[in-house]
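First residue of the sequence shown: 6, per my numbering; consecutive thereafter. In what follows, a structure is listed as structure tokens, so that the remarks can point back to it.
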Amino acid sequence: MKLKSQLLVVSLVMLFIPWAGCQFVKEVEGVLRHGQTQSLKASANAIASSLTDKLSLIYFPPSRYKADESAFNSLFVARFDSDIVVDGYDDGWPDVSPHVFENDDIPGSQKIALRLGLYQENYYLYFSITDSEVIYHNPTLPTQGNGDRVVLVMGGHHSPSRQYLISNSAPGNIVAKTFNAGQQKKVAARVEYGISGVWQDTADGYDLEIKIPRALMDHRFGFSSIDERGANGPYSTGGFANVVGNLARDAGNQPSPLAPWIVQPNIPLTDSLAVFKEKGLTLKIIDRFGWTVADVRGSKIKTSALNPPSQTDNQSSHWFVKRLFRIILATDSLPSMDQFENDEVSFSASQRKHASIFQPNKPGRLERADLVSALNGESVAQYSKSLLSVTAPIYNGREVIGALLVEQSSEEFLSLADNAFGRLLYSSFVVMSIIGFGLLSYASLLSWRIKKLSDSARDVIGSDGVLKSNFPVSAAKDELGDLSRNYAQLIYRVKQSSDYLRSLARTLSHELRTPIAIVRSSLDNLENEPLSEDGVRYAARAKEGVERLSFILTAMSEANHVEASIEHSERVEFDLFLLLAELMQAYQSVYADFNFQFEGIDIESVEIEGADADAGVDIHDAAYEPRMMWGVPELVVQMLDKIMDNAASFCPKGGMIKFILLIEASGYRLTLANEGPLLPKEMLGQLFDSMVSVRNKTVTKPKPLQRNSSKENKTEETHLGLGLYIARLIAEFHGGSIHAANLEDGRGVKFEVTLAAGAAG
């Protein structure tokens, strides 16, 4: 991983700065929320205390408090702000949630959506009845009611319970007649002119809009919708085919003659609760059956977390910051408004059995666990992301008669945390940006200095293996500066040692030649003296050792002589191809134990056929094209002698030695390949350095110029690794290079020399 990346990863530790700030803001938010909860709880208990012993305000009429299970079938009536035109259409109706009724026990049961409203002294009802087949009343039949019809049951509080039958023969205005469910025969019925309405057909069934005077309703109302699918039809029960409504039914499936209670907001109770109305505060009073009998709502706080910037106060936090604050810090713990949480406010098994409908989500009715707790005498507080809810019991003496529900928006106090979180977010972003930019800049500077030091250390050794003396030294007083100065000192000492080793051969050659000459002359004089047989043998061995020392000194000084001769050599133009052809003849004569092959290939589409060394080359042939080169032919011959000597040392007897000449646009490429052992991979980069050799110190090789000797043409020579070094010096003098590699087929080694054709110098 790069240094920049490492510092970037380390800089991620800065994320702990906003994290720690978020934890602090979260603690502040928790303290504010706890304070608001306690304050709202105290307010709820105070308001609930003000409603103590006011049963007649909560239950109107008060006898509804002692209601039986029919209270669960009660209907909630909304109050309207304006009158309704009764025409059979719902265009003029406000947004009122309907009561939905359906008999799940009968397949294909009719479905009814009933909306109820109250304006001044009149009740308004709107039935939307889904019926696959509408059957109208047939006045010729003897029964009191037939066809699809609706039975209304009302009264029973101050007046006796009454039943009214609505059964039309066609769409239009309705006629409500008194009805007795026990009478099936047609009898005289009284028309109730106070009940008016309109019957309208729809694509799914029919709609029925009805207006009933408040005095006629008398606090109780129930209905039964009868779907007549033919007398004694497949679903007929006592003359009724399919009955849906809110009337409780007995074991014989007969509707109860007493209608359920009507529940509606109590104006005096609402007025007494309105004195506690505040901005962002909602107050509701729930009776023991879960009905909302009073609902007071304060004006909403406009600084909503979801409001766009155009709807938010200019001094508030940005809407995105608010939403982010809600996501990070808040939780969802408040249950939904219509969720069943306890059996005490839901239907019991017996109530489900005897009730004509089972409707869990009724308009105007709340069924929540916190309300159940409040009806049991326990005050409960709950909160969500943007809402705080508190319930408190309402007593009549020592008996709980209802519950107070107080809900308050959290926006007012959360705006403080929003602003703190926003400032924290902005400050953290600025600080992290500054620190991140500083770390990145510092990492870039360090990376540049380290790369510069690395490049200098890489370039301090030239392509010729000689240490350069121009290593840059940093003056910085830090670790990288110390490292640079240590590198410079190390390179200086290594260069001194290298220069000493390079001059060692010249010094030894000069210093040892005189002692060797004295020893050689002494051994020559000793030959003229009478010696025993052992003495002669010892003198011969001593002379042999002197000759070997002399050879070593000559080899050591040869490189120095070549360097000196290169500096003073004069370049001439000569035919490289002719020179190689002559050398081929000499090599094949001297190294007769090997097979030679010569190929000349022009990559610029000029092809030169190989020539046998014994046949020679005819330079007067019209097809012959000279390959001219600017250089020193004697040095080229010396270079090739060194390469050829190396190839002959490793090539087995009878092995192949191949010369390949390629003519390129920039000069010539000469390749010498020989069979034999491969070069070690670790020595390929050091093979052409001074005093480096991969062969044994003493090797047996063919001895040139003695091929006709009767004795085996072999001798032992000592190698110091200077031959290929000299070859490299000559190649570089001619503007080229020399490289060695193993053959791809693994059969031997090849040496590749490049020479510049026009390297005038």
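For every residue, glycine included, the Cβ atom is placed at its ideal position computed from N, Cα and C.
- Under the DSSP assignment, Lys658 falls outside any alpha helix (DSSP H); it carries neither an H nor an E label.
- Annotation for Asp375: the continuous alpha helix (DSSP H) segment containing it runs 374 to 380.
- Its chain contains Met19 as the residues whose beta carbon lies nearer than 6 Å to that of Met437, once the 5 sequence neighbours on both sides are disregarded; these appear in chain order.
- Check the Cα spacing between Val551 and each of Gly540, Leu517, Met159: the tightest is with Leu517.
- Between Glu587 and the set Val642, Glu737, Glu578, Leu263, the nearest pair of CA atoms involves Val642.
- When beta bridges are read from the DSSP output, Ser229 appears opposite Val156, Gly250.
- A direct Cα-Cα distance of roughly 31 Å separates Phe65 from Leu392.
- According to the DSSP secondary-structure assignment, Pro218 is paired through a beta bridge with Asn127.
- Around the beta-carbon of Tyr388, 16 or more other beta-carbon atoms lie within 10 Å, marking it buried.
- Three or more pairs of CB atoms, one per stretch, sit closer than 8 Å, so the region 216 to 227 contacts the region 149 to 164.
- Rounded to whole angstroms, the Cβ separation of Ile466 and Leu734 is 17 Å, and the two are not in contact under 8 Å.
- For Ala745, there is no enclosing alpha helix (DSSP H); the residue is part of the beta strand (DSSP E) that begins and ends at 742 to 747.
- Distances from the CA of Leu430 to each of Leu13, Val30, Leu17, Ser10 were compared; the closest alpha carbon is that of Val30.
- The three-state reading of DSSP puts Ser459 in helix, counting H, G and I together.
- Assigned with DSSP and collapsed to three states, Ser201 falls in strand.
- Residue Glu214 holds the alpha-carbon nearest to the alpha-carbon of Tyr131 among Tyr169, Ile200, Glu214.
- Leu445 has its alpha-carbon roughly 26 Å from the corresponding atom of Arg463.
- With respect to Ser133, Asp232 sits apart: the two C-beta atoms are not nearer than 7 Å.
- The beta carbon of Arg525 lies closer than 6 Å to those of Val551 in the same chain, with the five residues before and after it left out.
- With respect to the C-alpha of Ala175, the residue from Tyr198, Ile140, Thr183 having the closest C-alpha is Ile140.
- Short of 8 Å from the beta carbon of Glu126, and not among the five residues preceding or following it, lie these beta carbons of its own chain, in chain order: Pro218, Arg219, Ala220.
- Taking the Cα positions, Lys289 is about 6 Å away from Val411.
- For the beta strand (DSSP E) assignment, the region 484 to 548 encloses no uninterrupted run of at least 3 residues.
- Fewer than three beta-carbon pairs drawn from the region 652 to 662 and the region 741 to 750 are found closer than 8 Å, and the two stretches are therefore not classed as touching.
- In the three-state reduction of the DSSP assignment, Glu283 falls in the coil class.
- Per DSSP, Arg69 is not a residue of any beta strand (DSSP E), being assigned neither H nor E.
- Contact between the region 284 to 299 and the region 102 to 112 is not established, with fewer than three Cβ pairs separated by less than 8 Å.
- Rounded to the nearest whole angstrom, the C-alpha separation of Leu558 and His739 is 27 Å.
- The Cβ-Cβ distance between Leu123 and Gln269 falls below 7 Å.
- Residue burial annotation: Met688 is exposed, with fewer than 16 other C-beta atoms found within 10 angstroms of its C-beta.
- With respect to Asp136, Gly210 sits close: the two C-beta atoms are nearer than 7 Å.
- In the three-state DSSP reduction, Leu60 falls in the helix class (H, G or I).
- Taken through DSSP and simplified to helix, strand or coil, Pro273 comes out as helix.
- Residue pairing by DSSP places Pro398 opposite Ala408 in a beta bridge.
- Our two residues, Gly250 and Asn78, have alpha carbons roughly 9 Å apart in a direct line.
- Counting every other CB atom within 10 Å of its CB across the protein chains shown gives Val478 a total below 16, marking it as exposed.
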